[in-house]
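Peer 1: In the numbering used here, the protein residues as written are -2 to 400. One structure is given below, represented as C-alpha cells, and several questions about it will come after.
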Amino acid sequence: MGFFSVSTPAVLNALLAAALGVLLARYLGPAGQGALTTIVTVGALLSVVLTLGTGVSVRLRARPRPKAEDISAFLGASVLMMLVAAIISPVTCLFFDLPGVGAAEMVLSALVAAFLVAARQSSELLQAYGCAGRSILFLAIGVLFQCVLFGFAVITGHATLLTALICAALGSAVQAALGAWGVADEPIPRPGLAWATVRALVRLGVPAVGYSVGLLVVQRLDRLVIVSVLGATASGVYAVAATIAETSRITSSAVGQLLFVQTAAAGAVTRTSRRTYRLALVIQAAVVVVGWSLVPHVVSILFGDAYAEAVPLARLLLIAELFMGLALMDARLLLGLHRVPLVAGATLTLVILAVPVYLVLVEAAGLTGAVRASLLLYVAYSGVLFVTRLRADRKGADVVVPV
C-alpha cells in the first residue's frame, strides 16, 4: 500500500464531496445548508463518541490479521452503538433552533446518525484488514450516491432539507454495505457481545476516543457555535467557506492513514514515511496557493451571490487547514508509535481551549472571529503534535500494547 493507493481515492472523494456541497448549498440556501450541517455534525460526533475507539483497538490488536473474537465483539458492539445513536441524535438536535425541521426530519436525523456509525465501523474494519485505500474509495462511492440522488431530486423539483437528509442516510448506508462486501472474502465471525473482549477493545481504544472526538469537535465546533450564536443562515455561509478550505488537506488526511499503518508495522517512523509526509505537505501547500486565487471564482460560479461573504473566510481557512493537515499526519504517526494517550491529551486540551475561544471570538467578530479562532487553534495544535512526534520518534516505540 503506497502513497497513490490512498491519495487517489482521497482526491476523488474530495471532488465528489465538493460537487455534493455545491448542489446542497445552491438548492437548500444558507438556512437549509446550516440546518443540514448541524444535523450531520451531531451524527458524526455520535459516531465517534459511541464507537469508543473500538476500530482503533481492532487495528492495533491485528498481528498481522484481526482476531476472530475481536471482530465478533466489534460487530456486536457496533450494532448496539447504531441503536443508541438513533435515539440520542434527534434529542440532541432539538437543542438547536433549526428552520424547516419537523418530525420527519427528526426521524431522518436518527437514521443519519445510525448509518454514520455503521459507515465508520465498516471503514475501520477494512483498515484492520489493510485496505485503507479501499475504505476511502467506498467513502467516495457513498458520496457519489448522494450526488446522484440529490441531483435527481433537483431535476424533479424535490430539492428540500428532507430529501437531503434521505440522501445523507442512504449514502452512509451504501458506504457501510460496500465495507461489508469488501471483507466478504475474509473469515468474518458472527456478531457477538463477549463482554470480556468488548471491555478489552474499549480499554485499549478509549484513549483514541479522546483524539477522535477532540479532533472532530475542533473541526466542527465552529459550526455549532455559529448556528447557536448567529443562526442557521450564517452557519450555511460558513459551511461553504469551510468546505472549500477543507478540500485542500484531503491528501494529507488520507496519507495520515498510510503513515499510521507504516509506523505501526515498523515500530518506528521510517525513511519512507518521512518522504511520504513531506510529499503530502508540499502538495497541500501548493493547493493552498492555487486555491487562494481561485476562491472568488469558485464561490461566484458554483455557489452564487448568496455566499459572497464566504470568499474572505475561505481564504483564511485555507491557511488554517495547512496546519491542520500537518497535525493530522503527526497525530497518525504518534498513534502508530502507540502514543495514543499523548495524542488524546493534546487533542482534548485543545478542545477545552476551543470552546471559550470560539464563543468569545464569534460573539466579538461574527464569522471572521470564527476563522481567527480556527487559525489560532490549528497553529497551536500542529505545533504541539509536531514537537511531541519528534520526541516520540527519537525514543522509539517502547510502549507495550495490551492484547
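Yeah, the Cβ is synthetic: ideal placement off N, Cα and C, and Gly gets one too.
How would you label S297, buried or exposed, when you count the other beta carbons within 10 angstroms and need 16 or more for buried?
Peer 2: The residue is exposed, with fewer than 16 neighbouring Cβ atoms inside 10 Å.
Peer 1: Closer than 6 Å by C-beta to Y375: which residues in its own chain qualify, once you throw out the five before and the five after it? Chain order, please.
Peer 2: Once the five neighbours on either side are set aside, the close Cβ partners of Y375 are A317, F320, M321.
Peer 1: From P6 to A137, what distance separates their C-alpha atoms?
Peer 2: Near 7 Å, if we compare the C-alpha coordinates of A137 and P6.
Peer 1: Could you check which residue in R58, L12, E66, A70 has the C-alpha nearest to that of T48?
Peer 2: Taking only the C-alpha atoms, the option nearest T48 is A70.
Peer 1: Check the Cβ-Cβ distances between G342 and every residue of chain D, and say whether any is below 9 Å.
Peer 2: Any reference to chain D falls outside this structure, which holds one protein chain only.
Peer 1: Report the start-end ranges of each alpha helix (DSSP H) in the segment 165 to 233 that is 4 residues or longer and not cut off at the edges.
Peer 2: For the segment 165 to 233, whole alpha helix (DSSP H) runs of length 4 or above, ordered along the chain, are 192 to 226.
Peer 1: Evaluate A117 with the Cβ neighbour count: other Cβ atoms within 10 Å of its Cβ, from every protein chain shown; 16 or more gives buried, anything less gives exposed.
Peer 2: First, the amino acid is wrong: residue 117 is Arg here, not Ala. Per the 10 Å Cβ criterion, buried.
Peer 1: Alpha carbon to alpha carbon, how far is A242 from F135?
Peer 2: Spanning the two alpha carbons is a distance of roughly 23 Å.
Peer 1: Would you mind sorting L330 into buried or exposed? The rule is 16 or more other CB atoms within 10 Å of its CB.
Peer 2: Buried, since its Cβ has 16 or more Cβ neighbours within 10 Å.
Peer 1: Which complete alpha helix (DSSP H) runs does the segment 303 to 358 hold, if anything under 4 residues is left out?
Peer 2: Complete alpha helix (DSSP H) runs here, min 4: 307 to 333.
Peer 1: Looking at the structure shown, is G26 part of a helix, part of a strand, or coil, going by DSSP?
Peer 2: Looking at G26 - three-state DSSP - the assignment turns out to be helix.
Peer 1: Nearest-angstrom Cα distance between R62 and V151?
Peer 2: Cα to Cα, the separation comes out at about 45 Å.
Peer 1: Using a 10 Å radius around the Cβ and a threshold of 16 neighbouring Cβ atoms, would you call T153 buried or exposed?
Peer 2: Answer is exposed; the Cβ neighbour count stays below 16.
Peer 1: Do G202 and S132 have their beta-carbon atoms positioned less than 9 Å apart in this structure?
Peer 2: No, these two residues do not count as a Cβ contact at 9 Å.
Peer 1: For V381, I'd like the list of residues in its chain whose CB is within less than 6 Å of its CB, leaving aside the five on either flank, ordered along the chain.
Peer 2: The residues are A343.
Peer 1: State whether the segment 280 to 292 contacts the segment 209 to 224, with contact taken as three or more CB pairs (one from each stretch) at a distance under 8 Å.
Peer 2: The answer is no - the segment 209 to 224 does not touch the segment 280 to 292, with fewer than three Cβ pairs under 8 Å.
Peer 1: Just to confirm my understanding: we take A238, look at its own chain, exclude 5 residues before and 5 after, and list those with CB closer than 7 Å. What are they?
Peer 2: Same-chain partners within the cutoff: A307, L310, A311, L314.
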